[in-house]
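In the UniProt record's numbering, the protein residues as written are 1 to 397.
Here is the structure we will look at, set down as structure tokens.
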Amino acid sequence: MTDYRIFNNDDAMRFADKHSELFGDHSKLSAEEFGDGNLNLVFRVSNDKGTSLIVKQALPYARCVGESWPLSTDRARIEAEVLRVHARFCPEHTVEIRHFDAELSAILMEDLKQYTILRTALIKGKQYEHVATQIGHYLAHTLFYTSDFVLTGPAKKAAVAQFINPDLCQITEDLFFTDPYCNHERNNIHDLIISTARELWQDEALQAEVAALKADFLSKPQALLHGDLHSGSIFVNAENCKVIDAEFGFYGPIGFDVGSLLANFCLNYLGCAGLLADTEAVTEHQTYVRQQCLTLWQVFAEQFSQLMSQDSQDPMLRNSLYQKQFLQQVFADAIGYAGCELIRRTVGLAHVADLDKVSSEQQRASIEKQAVELGRRFITQRQSLNSIEQVLDLLPL
Ligand code: ADP
Ligand code: MG
Ligand code: MG
Ligand code: MG
């Protein structure tokens, strides 16, 4: 870290210029910092002809809190390397990394300025039919090709070691799996749902299920996860989707990535009742979101099954009964992690705009209670739910 310094606009500009041929004439570059994330700096570097690139730099602490919350800058390496691995297996839906500098913890990547963040689009009621199909494909390919179905034992162990990510895993271990189930000072609970939160703190049976999900998160290195696949980590336009922001990546349970996105669709499904103008618009949007959840699981499951049967390298793991059971367990895990995401986005530290933007406090509280209740059902019923249709039947009408 000897040469590390926190970038200003000029540093970001010089970094982009030095590591890209794209700009040509050096004198006409400009840069602005515009990151809206919680952790890092994000700069757009442009020339006067409209060509641009993104520079993302990890700070030695969490941006949203400050120096009192130190955080390893190794997360920039993790992010760059996860995205490069994922791009190998799904280049069409992974942001392109152009350069990574370990000393500066800085990444140069393609600018997705022709795209919109999926969460922003969903909140406005926009409907892109291709999201679930494309991200289902992304998940099947990135997760299968980094798993034991493909890697040899030694290669897998080396890969796991390359993606040890203690600081960012700790954030998930705390904020996602622990804080919501106790009266933790980091929680962010609106006054009107404090009794709902208390119920979580007293529910030992629910906590036992969350403990099991957490234990798997800690000790089930099935595949190289994105690790933070919410609707703010996906860019979308009329034809395509691209995934960004993989700094939480590590080897973990496959269901975690699938469940994270499913839950973010569900959060939007619930929130849109308080965001969109009239009941007709709400019904139409909810139908779309339901369909996206269905398609996401179906495409993921079909493609993952096909890859298991066609491209598994280990002869024992080619057993088709084993493969069927494996996918069933991924399904149960995904629904469990989706349940945890629903709960932690409602009572935990980091909320989602899909719920926070509901302007009537009464309506927001009733939607938040629905989110917690749905999360509870996902977690407690995950082993007995047999299909995505049964899962979606739990969504309120
Ligand atoms: P953080 O890790 O701090 O959450 P993100 O990677 O999510 O940072 O980026 C924060 C914001 O910066 C995104 O919501 C988006 O607006 C912008 N951004 C990040 N990467 C790109 C990109 N490749 N192209 C365009 N905008 C981007
Ligand atoms: Mg982000
Ligand atoms: Mg963020
Ligand atoms: Mg991030």
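Cβ atoms here follow ideal geometry from the backbone N, Cα and C, with glycine treated the same way.
DSSP state of residue 277 mapped onto helix, strand, coil: The sequence position of residue 277 within the sequence shown is 277, counting from 1. DSSP places residue 277 in coil when its eight states are reduced to three.
Minimum C-alpha distance to residue 171 - residue among 124, 314 and 69: Locating residue 171 in the sequence shown gives position 171, where the first residue counts as 1. Out of 124, 314 and 69, 69 has the C-alpha closest to the C-alpha of residue 171.
Cβ distance (whole Å) where residue 131 is taken to contact residue 118 below 8 Å: For the purposes of this step, residue 131 is identified with residue 131 of the sequence shown, where counting begins at 1. For the purposes of this step, residue 118 is identified with residue 118 of the sequence shown, where counting begins at 1. About 7 Å; that satisfies the 8 Å criterion.
Boundaries (first-last residue) of the beta strand (DSSP E) holding residue 70: In the sequence shown, counting from the first residue as 1, residue 70 sits at position 70. Its beta strand (DSSP E) spans residues 66 to 70.
Neighbourhood of residue 370 by C-beta, 8 Å cutoff - its chain only, sequence neighbours within 5 removed: Numbered from its first residue, the sequence shown carries residue 370 at position 370. Excluding sequence neighbours, residue 370 sits near 270 and 396.
Proximity below 7 Å, CB of residue 112 to CB of residue 235: Here residue 112 corresponds to residue number 112 of the sequence shown, with the count starting at 1. Here residue 235 corresponds to residue number 235 of the sequence shown, with the count starting at 1. Their beta carbons are under 7 Å apart, which means residue 112 touches residue 235 by this criterion.
Inter-residue spacing [alpha-carbon to alpha-carbon] between residue 210 and residue 203: For this step, residue 210 is matched to residue 210 along the sequence shown. For this step, residue 203 is matched to residue 203 along the sequence shown. Going by the C-alpha atoms only, they are around 11 Å apart.
DSSP three-state assignment for residue 82, whether helix, strand or coil: Here the question's residue 82 lines up with position 82 in the sequence shown. If DSSP states are grouped into helix, strand and coil, residue 82 belongs with the helices.
Cutoff 8 Å; reference residue 10; Cβ partners in own chain excluding five residues on either side: Residue numbering aside, residue 10 sits at position 10 when the sequence shown is read from its first letter. Answer for residue 10: 31, listed in chain order.
From 316, 349 and 15, residue whose alpha carbon lies closest to that of residue 107: Sequence index remark: in the sequence shown, residue 107 carries index 107 (1-based). Nearest option by C-alpha distance: 15.
Outcome for residue 56 when other beta-carbon atoms lying within 10 angstroms are tallied against a minimum of 16: Working through the sequence shown from its first residue, we reach residue 56 at position 56. Burial call: buried.
Ligand 4 heavy atom lying under 6 Å from the CB of residue 341: Here residue 341 refers to the residue found at position 341 of the sequence shown. Not so, every heavy atom of ligand 4 lies at least 6 Å from the Cβ.
Residue 34 to residue 44 span [Cα, whole Å]: As a first step, residue 34 is located in the sequence shown; it is residue number 34 there, counting from the start. As a first step, residue 44 is located in the sequence shown; it is residue number 44 there, counting from the start. Distance between the alpha carbons of residue 34 and residue 44: 7 Å.
C-alpha gap between residue 29 and residue 17, whole angstroms: By 1-based counting over the sequence shown, the position of residue 29 is 29. By 1-based counting over the sequence shown, the position of residue 17 is 17. When rounded, the distance between both Cα atoms is 8 Å.
Alpha-carbon to alpha-carbon, residue 394 and residue 205: As a first step, residue 205 is located in the sequence shown; it is residue number 205 there, counting from the start. As a first step, residue 394 is located in the sequence shown; it is residue number 394 there, counting from the start. The alpha-carbon atoms of residue 205 and residue 394 are separated by roughly 20 Å.
Distance, residue 102 Cα to residue 76 Cα: The count along the sequence shown starts at 1 and reaches residue 76 at position 76. The count along the sequence shown starts at 1 and reaches residue 102 at position 102. C-alpha separation (whole angstroms): 8 Å.
CB contact flag (residue 258, residue 300, <7 Å): Taking the first residue of the sequence shown as position 1, residue 258 is located at position 258. Taking the first residue of the sequence shown as position 1, residue 300 is located at position 300. Yes; because the gap between Cβ atoms is below 7 Å, this pair is in contact.
Alpha helix (DSSP H) segment containing residue 163, residue limits: In the sequence shown, the residue the question calls residue 163 occupies position 163. Counting along the chain, residue 163 falls outside any alpha helix (DSSP H), and DSSP gives it neither H nor E.
Of the residues 188, 327, 272 and 94, the one placed nearest residue 135, counting alpha carbons only: For this step, residue 135 is matched to residue 135 along the sequence shown. Nearest of 188, 327, 272 and 94 to residue 135, Cα basis: 94.
Beta-carbon proximity check, residue 238 vs residue 79, cutoff 7 Å: In the sequence shown, the residue the question calls residue 238 occupies position 238. In the sequence shown, the residue the question calls residue 79 occupies position 79. No, they are not a contact pair.
Start-to-end residues for the alpha helix (DSSP H) that takes in residue 40: For the purposes of this step, residue 40 is taken as residue 40 along the sequence shown, with counting starting at 1. From DSSP, residue 40 is part of no alpha helix (DSSP H) but of the beta strand (DSSP E) over 40 to 46.
Inter-residue spacing [alpha-carbon to alpha-carbon] between residue 218 and residue 277: Residue 218 sits at position 218 when you count from the first residue of the sequence shown. Residue 277 sits at position 277 when you count from the first residue of the sequence shown. If you take the alpha carbons of residue 218 and residue 277, they lie about 43 Å apart.
Under 6 Å, CB to nearest heavy atom of ligand 4: contacting residues: 37, 39, 228, 245 and 247
Three-state secondary structure (DSSP) of residue 358: Locating residue 358 in the sequence shown gives position 358, counting from the first residue. Coil at residue 358, not helix or strand.
Length of the line joining the Cα atoms of residue 391 and residue 51: To locate residue 391, count along the sequence shown from 1; it is residue 391. To locate residue 51, count along the sequence shown from 1; it is residue 51. If you take the alpha carbons of residue 391 and residue 51, they lie about 45 Å apart.
Reduced DSSP category for residue 33 - H, G, I as helix; E, B as strand; rest coil: Here residue 33 is taken as the residue at index 33 of the sequence shown, counted from 1. In this structure, residue 33 counts as strand in the three-state DSSP scheme.
Touching by the beta-carbon criterion (3+ pairs, under 8 Å), the region 215 to 232 and the region 251 to 267: yes
Unbroken beta strand (DSSP E) run spanning residue 389, endpoints: Indexing the sequence shown from 1 puts residue 389 at position 389. Here residue 389 belongs to no beta strand (DSSP E); instead the alpha helix (DSSP H) covers 388 to 392.
Span of the beta strand (DSSP E) around residue 99: As a first step, residue 99 must be located in the sequence shown, where it is residue number 99. Per DSSP, residue 99 belongs to the beta strand (DSSP E) from 97 to 101.
7 Å CB neighbourhood of residue 181 in its chain, flanking five on each side removed: Position 181 of the sequence shown, counted from the start, is the residue given in the question as residue 181. Only 200, 201, 207 and 210 meet the Cβ criterion.
CB of residue 376 within 7 Å of CB of residue 267, strictly: Here residue 376 refers to the residue found at position 376 when the sequence shown is read from its first residue. Here residue 267 refers to the residue found at position 267 when the sequence shown is read from its first residue. Against a cut-off of 7 Å, the Cβ pair of residue 267 and residue 376 comes out as no contact.
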